[in-house]
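Asker: Below you will find the structure I want to go over with you.
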Amino acid sequence: MRIIAVDPGPERSQYVVFDGTRVVSQGWEEMVGLRQVLPPDAYNGTHVVFEGIESFGMPVGAETFETVFVTGRLYELAFRCYGEKRVSRIYRKAIKLHLCGSARAKDANIRQALLDRFGGAAVAKGTKAAPGPLYGVSGHGWAALALAVTWWDQQGGTDGSR
Numbered sequence: 011m012r013i014i015a016v017d018p019g020p021e022r023s024q025y026v027v028f029d030g031t032r033v034v035s036q037g038w039e040e041m042v043g044l045r046q047v048l049p050p051d052a053y054n055g056t057h058v059v060f061e062g063i064e065s066f067g068m069p070v071g072a073e074t075f076e077t078v079f080v081t082g083r084l085y086e087l088a089f090r091c092y093g094e095k096r097v098s099r100i101y102r103k104a105i106k107l108h109l110c111g112s113a114r115a116k117d118a119n120i121r122q123a124l125l126d127r128f129g130g131a132a133v134a135k136g137t138k139a140a141p142g143p144l145y146g147v148s149g150h151g152w153a154a155l156a157l158a159v160t161w162w163d164q165q166g167g168t169d170g171s172r
């Protein structure tokens with residue numbers, strides 16, 4: 011079972027492929043590039059999860075609306091590739107609660123929770139010569155990984171179709 015977790019953005023989206031123990035691959039892709047990541051023949055037993063966008067009552071700009079539009083397009087693509095039971099979304103608040111126990115957690119808290127889960131920074135990241143399970147994760151990759159880990163834990167590492 012592999013999870014493709016997508017942290018959507020208005021122009022490019024960060025994704026990670028997670029197998030329950032480590033990040034298998036990751037990258038920044040524009041819409042066209044993500045079409046190459048999502049085809050069902052790429053990974054057998056795949057579930058795709060997107061970070062959902064939620065309102066906090068504050069005004070938002072064009073970038074947020076574009077992100078919503080892109081997310082919808084990507085969700086539809088994944089839905090067509092994998093079917094209804096293999097595509098889902100999780101909202102940021104749920105990720106914070108799951109990993110940190112608080113909806114007030116910040117990105118740094120989430121990153122630290124992930125590092126701790128995988129043995130601490132030195133073990134989790136590793137080195138070029140001896141990469142750890144989270145080797146190379148940076149920037150929005152942490153958000154995508156948090157999404158993947160949350161989905162994995164909530165579904166018990168299954169495809170969600172049970």
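In this text, residue positions in the sequence shown follow this note's numbering: the first is 11, and each later residue adds one.
Note that CB positions come from ideal geometry on N, CA and C, so glycine has one too.
1. Tell me where the beta strand (DSSP E) around F28 begins and ends.
2. Note down, in chain order, each residue of its chain lying with its Cβ closer than 7 Å to the Cβ of G37, except the 5 sequence neighbours on either side.
3. I think I13 touches A158, with their Cβ atoms under 8 Å apart; what is that distance to the nearest whole Å?
4. Answer yes or no: the CB of R90 versus the heavy atoms of the ligand ATP, is any distance below 7 Å?
5. Rounded to whole angstroms, what's the CA-CA distance from P18 to A140? Just pull it up for me.
6. According to DSSP, P141 sits in a beta bridge with which residue or residues?
7. Cβ atoms of V33 and L144: under 8 Å apart, would you say?
8. Looking only at DSSP bridge pairs, what is H57 linked to?
9. Can the beta-carbon of A104 be found closer than 8 Å to that of T31?
10. Could you give the first and the last residue of the continuous beta strand (DSSP E) run that contains V176?
11. Return the CA-CA distance between R83 and I120, expressed in angstroms with no decimal places.
12. Assuming Y101 contacts E64 under a Cβ cut-off of 8 Å, what Cβ separation, rounded to an integer in Å, is found between them?
13. Skipping 5 residues on each side, what residues in its chain have a beta carbon closer than 6 Å to that of H150?
14. Taking the alpha helix (DSSP H) that R114 belongs to, which residues open and close that run?
15. For R99, I'd like the list of residues in its chain whose CB is within less than 6 Å of its CB, leaving aside the five on either flank, ordered along the chain.
16. Going by alpha carbons, who is nearest to T137 out of F75, G129 and G146?
17. Given this structure, state the Cα-to-Cα distance separating A72 from R22, to the nearest angstrom.
Answerer: Working from what's here:
1. Residue 28 sits at position 18 when you count from the first residue of the sequence shown. Per DSSP, F28 belongs to the beta strand (DSSP E) from S23 to F28.
2. Taking the first residue of the sequence shown as position 1, residue 37 is located at position 27. Once the five neighbours on either side are set aside, the close Cβ partners of G37 are Y25.
3. Within the sequence shown, the letter at position 3 stands for residue 13. Within the sequence shown, the letter at position 148 stands for residue 158. About 4 Å; that satisfies the 8 Å criterion.
4. This structure lacks the ligand ATP; in fact it carries no ligand of any kind.
5. Taking the first residue of the sequence shown as 1, we reach residue 18 at position 8. Taking the first residue of the sequence shown as 1, we reach residue 140 at position 130. When rounded, the distance between both Cα atoms is 30 Å.
6. To locate residue 141, count along the sequence shown from 1; it is residue 131. Partner(s): G136.
7. Counting from 1 along the sequence shown, the entry for residue 144 is found at position 134. Counting from 1 along the sequence shown, the entry for residue 33 is found at position 23. Contact: yes.
8. Along the sequence shown, read from residue 1 onward, the residue named residue 57 stands at position 47. I13.
9. As a working mapping, residue 104 is identified with position 94 in the sequence shown. As a working mapping, residue 31 is identified with position 21 in the sequence shown. Taking 8 Å as the Cβ cut-off, A104 and T31 do not qualify as a contacting pair.
10. There is no way to answer for residue 176, as the model of the chain reaches only from 11 to 172.
11. As a working mapping, residue 83 is identified with position 73 in the sequence shown. As a working mapping, residue 120 is identified with position 110 in the sequence shown. If I take the Cα positions, the gap works out to 27 Å.
12. Taking the sequence shown and counting its residues from 1, the one referred to as residue 101 is at position 91. Taking the sequence shown and counting its residues from 1, the one referred to as residue 64 is at position 54. With 8 Å as the limit, Y101 and E64 qualify as a contact, their Cβ atoms being about 5 Å apart.
13. If you number the sequence shown from 1, residue 150 lands on position 140. Excluding sequence neighbours, H150 sits near D17 and Q24.
14. The residue labelled residue 114 in the question sits at position 104 within the sequence shown. Counting along the chain, R114 falls outside any alpha helix (DSSP H), and DSSP gives it neither H nor E.
15. The residue given as residue 99 occupies position 89 in the sequence shown. The answer, listed in chain order, is F60 and G62.
16. Counted from its first residue, the sequence shown places residue 137 at position 127. Comparing Cα positions, the closest option is G146.
17. Taking the first residue of the sequence shown as 1, we reach residue 72 at position 62. Taking the first residue of the sequence shown as 1, we reach residue 22 at position 12. The alpha-carbon atoms of A72 and R22 are separated by roughly 15 Å.
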